[in-house]
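Student:
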Amino acid sequence: MSENWYRTEVLIFVREDADSRLVEQWDPLPTLEYPQEYRYLLDPAVADRRLQESQAYSSAVDDRGVQTLLVPAPIEELQDHSRPDALTTPLVELDVLIPDETATEGDPGTAVNALLTKEPARNTELTPQTPDDAANLQPDPNDPQPDLETPIIALPYELLDDDNLEFRPQARSLRRQGHRLVFHGSWWAMLDDADETPSLIMDRSGDMDSLDWPALQGSLQVYRSRYLHIALDLWLNTRGEYLPDGWQIDPPPLPAPSLSAQTLRGSKINPWSPDISSPGITLDEIGSDTVSLPNPEASPDPDLMPSPIPGMTQEITDATDYPWHHAIVHRQSRRMRSGEIHYLDHPVIGVIVKVTPMSDDALPLLEPGKREFRERHGLAIEFAPVDDASAKEQP
Numbered sequence: 007m008s009e010n011w012y013r014t015e016v017l018i019f020v021r022e023d024a025d026s027r028l029v030e031q032w033d034p035l036p037t038l039e040y041p042q043e044y045r046y047l048l049d050p051a052v053a054d055r056r057l058q059e060s061q062a063y064s065s066a067v068d069d070r071g072v073q074t075l076l077v078p079a080p081i082e083e084l085q086d087h088s089r090p091d092a093l094t095t096p097l098v099e100l101d102v103l104i105p106d107e108t109a110t111e112g113d114p115g116t117a118v119n120a121l122l123t124k125e126p127a128r129n130t131e132l133t134p135q136t137p138d139d140a141a142n143l144q145p146d147p148n149d150p151q152p153d154l155e156t157p158i159i160a161l162p163y164e165l166l167d168d169d170n171l172e173f174r175p176q177a178r179s180l181r182r183q184g185h186r187l188v189f190h191g192s193w194w195a196m197l198d199d200a201d202e203t204p205s206l207i208m209d210r211s212g213d214m215d216s217l218d219w220p221a222l223q224g225s226l227q228v229y230r231s232r233y234l235h236i237a238l239d240l241w242l243n244t245r246g247e248y249l250p251d252g253w254q255i256d257p258p259p260l261p262a263p264s265l266s267a268q269t270l271r272g273s274k275i276n277p278w279s280p281d282i283s284s285p286g287i288t289l290d291e292i293g294s295d296t297v298s299l300p301n302p303e304a305s306p307d308p309d310l311m312p313s314p315i316p317g318m319t320q321e322i323t324d325a326t327d328y329p330w331h332h333a334i335v336h337r338q339s340r341r342m343r344s345g346e347i348h349y350l351d352h353p354v355i356g357v358i359v360k361v362t363p364m365s366d367d368a369l370p371l372l373e374p375g376k377r378e379f380r381e382r383h384g385l386a387i388e389f390a391p392v393d394d395a396s397a398k399e400q401p
C-alpha cells in the first residue's frame, strides 16, 4: 500500500445564533468560486435515490463521482420506432430490426448501449480462444476465493458507514448546544501535492434534481506535500441581516453538475423536470419492474447526521434568482499532523477534521451486501483478502 493513503473525517457545523454573525465585519462583496480541478464524494444514498426517482434503466458513476443515468425516452423520440420494446431494446439491435433511414455516421447508439450494458464499446469480431487462454481464465483451486460473505473494500472517496465516524460524540454535543450539522462524513484516498489532489465540492446545487439553493456551498481540499494540509473555501448564504437594509450581492456560481441523464438515443433529458408536452413512457407501462432499492435516506443513527436547517434552503427557480442576500466566507488553510483532531475555528462555520495514515491491514471494509450497490452503478468490486488458513478450515 502506498504511504500516501489516508483516511479523512470531516464535520462541518453552523452556529445559528444571530450574535455569531455580528462579531466581525464581513466582506460586503465576497469572491465566491469553485475550483477547476474537482471531484465529488461518492454518496451511496444519493446515488440510489437518484436511480430510483428517475426510474432509470441503469446508472454509472465515473472517477470524479459524477453519476450518469440512462432513462426512459419521451414519446416523440420513439416515433420512428413503432415497436413497444423500443424503450428497452438497445438501439444497435433496433436499427437491425427496424432500419432507420435517417441514421447518420457517428450515431450515439453504440456509446449509449455501452452505458446500458455497463460494458465498454468493443469490436464485434470474435478472437479465437486457444486452450491455453481458456486454462488461464480458470481460478486456481488451491487459492482461496471470495464468496458472498466476503467483505469488500471501500472505494477511494466513498463515504463510509456511520460506524466509521469517530466524531459522533462531538456531533451529539454540537446538537445539544443548538448548532446545526451540515456535513459529517469519512472516506479514504491517496493524497498527493495540491496540484495532484482534487478538491471536493461539498454541495450539489448545480444538479438537475436540486430544488433548493443550499445554505452552505464551496469546496475543501486535503492534500499532502511535505506535511498534511487542509484548504477550505466554503461560504454560508445568509439573509444579510447584519448589513444595511436592501443589501444584495450577485448570485454565487453553481458547481459543475454531479449528475447527468440521457435516453437510449443519447438525448439529454431531465427526469425531475420533464417536458409536459412530451410525457415519458415508464417501465411499468411496458410491463417491466423498476429495481427495488433500500430506503436511501435510512440511517442507523439519524442524530449523528446532517439535518435540514430551518429557513436555510431556498427554491432554485432560475440560476439568476438568488434567494439570499449575502454570503459569509470561511477561507483558510491549515497544516496538520496525522492522527490528530484539528478544529478550524470561525465565528459562523466550524470545521473539525482528522487525517489518519492507512496500512494494508486497516483498509475500510464494507459489508458484503454493499456489492449490490456497486453492481447497480457499474462500480468496481474489490474483495478483502481471503485468509488462507480460514479458507482451508471451510468444508
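In terms of this note's numbering, the sequence shown opens at residue 7 and continues consecutively.
Ideal placement from N, C-alpha and C gives every residue a C-beta, glycine not left out.
As the structure is a prediction and not an experimental result, all values here were calculated from the model.
Tell me which residues share the same chain as Glu155 and place their Cβ nearer than 8 Å to its Cβ, disregarding the 5 neighbours each side in the sequence.
Tutor: Here residue 155 corresponds to residue number 149 of the sequence shown, with the count starting at 1. These residues qualify, in order along the chain: Pro374.
Student: Grouping DSSP H, G and I as helix and E and B as strand, with all else coil, what is Asp68?
Tutor: Locating residue 68 in the sequence shown gives position 62, where the first residue counts as 1. In the structure shown, Asp68 sits in coil (DSSP, three-state: anything other than H, G, I, E or B).
Student: So, at 6 Å on beta carbons, what are the nonlocal neighbours of Asp256 in its own chain, with the 5 sequence-adjacent residues on each side left out?
Tutor: Locating residue 256 in the sequence shown gives position 250, counting from the first residue. If we look at Asp256 and ignore the five residues flanking it on each side, it has no Cβ neighbours.
Student: Residues in its own chain within less than 7 Å of Phe19 by CB, not counting five upstream and five downstream?
Tutor: Sequence index remark: in the sequence shown, residue 19 carries index 13 (1-based). Once the five neighbours on either side are set aside, the close Cβ partners of Phe19 are Leu180, His185, Arg186, Leu187, Val188 and Gly356.
Student: Taking its Cβ as the centre, do 16 or more other Cβ atoms sit within 10 Å of Lys360, making it buried, or is it exposed?
Tutor: Along the sequence shown, one-based indexing puts residue 360 at 354. Buried, by the Cβ-count rule.
Student: If I'm right that Trp3 touches His331 with Cβ under 8 Å, what's the distance once you round it to whole angstroms?
Tutor: This structure cannot speak to residue 3, because the chain is shown only from 7 to 401.
Student: What is the rounded straight-line gap between the Cα of Leu171 and the Cα of Arg382?
Tutor: In the sequence shown, counting from the first residue as 1, residue 171 sits at position 165. In the sequence shown, counting from the first residue as 1, residue 382 sits at position 376. Going by the C-alpha atoms only, they are around 25 Å apart.
Student: Once you ignore the five residues that flank Gln5 on each side, which residues in its own chain have a CB closer than 6 Å to its CB?
Tutor: This structure gives no information on residue 5, because the portion of the chain shown stretches from 7 to 401.
Student: Could you tell me whether any Cβ in chain C is nearer than 7 Å to the Cβ of Ala24?
Tutor: Here chain C cannot be found, since the structure has a single protein chain.
Student: Can you name the residues that DSSP bridges to Asn243?
Tutor: Here the question's residue 243 lines up with position 237 in the sequence shown. Answer is Ala333.
Student: On the CB-based measure, 16 or more other CB atoms within 10 Å of its CB, does Thr37 come out buried or exposed?
Tutor: As a position in the sequence shown, residue 37 is number 31, starting the count at 1. With fewer than 16 other Cβ atoms within 10 Å, it is exposed.
Student: Can you tell me which residues form a DSSP beta bridge with Phe19?
Tutor: By 1-based counting over the sequence shown, the position of residue 19 is 13. According to DSSP, which records beta bridges pairwise, Phe19 is partnered with Leu187 and Gly356.
Student: If you pair each beta-carbon of the region 241-252 with each one of the region 46-58, do three or more pairs fall below 8 Å?
Tutor: With the cut-off at 8 Å, the region 241-252 and the region 46-58 do not touch.
Student: Name the two residues that bound the continuous alpha helix (DSSP H) containing Gln61.
Tutor: Numbered from its first residue, the sequence shown carries residue 61 at position 55. It is not in any alpha helix (DSSP H) - Gln61 carries neither H nor E in the DSSP assignment.
Student: Could you name the residues of the same chain whose beta carbon sits closer than 7 Å to that of Gln176, not counting the 5 residues immediately before and after it, in chain order?
Tutor: By 1-based counting over the sequence shown, the position of residue 176 is 170. Closer than 7 Å at Cβ, skipping near neighbours: Leu17 and Ile358.
Student: Considering only the beta carbon of each residue, do Ile207 and Pro261 sit closer than 7 Å?
Tutor: Translated into the one-based positions of the sequence shown, residue 207 becomes position 201. Translated into the one-based positions of the sequence shown, residue 261 becomes position 255. Yes, they are a contact pair.
Student: Tell me, to the nearest whole angstrom, how far the beta carbon of Arg230 is from that of Asp209; I am working on the premise that it is less than 8 Å.
Tutor: Taking the sequence shown and counting its residues from 1, one reaches residue 230 at position 224. Taking the sequence shown and counting its residues from 1, one reaches residue 209 at position 203. Contact doesn't hold; Cβ gap of about 25 Å is too wide.
Student: Going straight from the alpha carbon of Gln31 to that of Ala221, what length do you get?
Tutor: One-based indexing of the sequence shown puts residue 31 at position 25. One-based indexing of the sequence shown puts residue 221 at position 215. Cα to Cα, Gln31 sits roughly 20 Å from Ala221.
Student: Mind checking which residues open and close the beta strand (DSSP E) that includes Ser225?
Tutor: As a first step, residue 225 must be located in the sequence shown, where it is residue number 219. Start and end: Leu222 to Arg230.
Student: Return yes when the Cβ of Pro329 is within less than 7 Å of the Cβ of Asp344, no when it is not.
Tutor: If you number the sequence shown from 1, residue 344 lands on position 338. If you number the sequence shown from 1, residue 329 lands on position 323. For the sequence presented, residue 344 should be read as Ser rather than Asp. Contact flag unset, no.
Student: State the DSSP-derived secondary structure class of Arg343, mapped to helix, strand or coil.
Tutor: Here residue 343 refers to the residue found at position 337 when the sequence shown is read from its first residue. Correct three-state label for Arg343: coil.
Student: Quick one: what does DSSP say His383 is sitting in, helix, strand or coil?
Tutor: For the purposes of this step, residue 383 is taken as residue 377 along the sequence shown, with counting starting at 1. Three-state result, His383: coil.
Student: Within 10 angstroms of the Cβ of Ser279, are there 16 or more other Cβ atoms? Answer buried if so, exposed if not.
Tutor: Along the sequence shown, read from residue 1 onward, the residue named residue 279 stands at position 273. Label assigned to Ser279: exposed.
Student: Output the distance between the C-alpha atoms of Asp169 and Met196, rounded to the nearest integer angstrom.
Tutor: Within the sequence shown, the letter at position 163 stands for residue 169. Within the sequence shown, the letter at position 190 stands for residue 196. Answer to the nearest angstrom: the Cα atoms are 22 Å apart.
Student: Straight-line CA distance for Asp215 to Gln58?
Tutor: Position 209 of the sequence shown holds residue 215. Position 52 of the sequence shown holds residue 58. C-alpha separation (whole angstroms): 12 Å.
Student: So, is Ala24 buried or exposed, given that buried needs 16 or more other C-beta atoms within 10 angstroms?
Tutor: Sequence index remark: in the sequence shown, residue 24 carries index 18 (1-based). Result: exposed.
Student: Among the residues of its own chain, which have a CB less than 7 Å from the CB of Val29, if the five just before and after it don't count?
Tutor: Within the sequence shown, numbered from 1, the residue matching residue 29 stands at position 23. Cβ within range, chain order: Pro353.
Student: In the DSSP output, what is Arg45 paired with across the bridge?
Tutor: The residue labelled residue 45 in the question sits at position 39 within the sequence shown. According to DSSP, which records beta bridges pairwise, Arg45 is partnered with Leu206.
Student: Ordered along the chain, which non-local residues of its own chain (more than five positions away) have a Cβ less than 8 Å from that of Met342?
Tutor: Within the sequence shown, residue 342 is the residue found at index 336, counting from 1. Contacts found: Tyr233, Leu234, His235, Ile236, His348, Val359 and Val361.
Student: Measuring straight from C-alpha to C-alpha, what distance separates Asp218 and Ser211?
Tutor: As a position in the sequence shown, residue 218 is number 212, starting the count at 1. As a position in the sequence shown, residue 211 is number 205, starting the count at 1. Their backbone Cα atoms lie some 7 Å apart in a straight line.
Student: Out of curiosity, what's the CA-to-CA distance linking Tyr248 and Pro258?
Tutor: Sequence index remark: in the sequence shown, residue 248 carries index 242 (1-based). Sequence index remark: in the sequence shown, residue 258 carries index 252 (1-based). If I take the Cα positions, the gap works out to 19 Å.
Student: Can you check which of these residues, Arg45, Ser225 and Pro78, is closest to Asp69 by C-alpha distance?
Tutor: Numbered from its first residue, the sequence shown carries residue 69 at position 63. That would be Arg45, whose Cα lies nearest to the Cα of Asp69.
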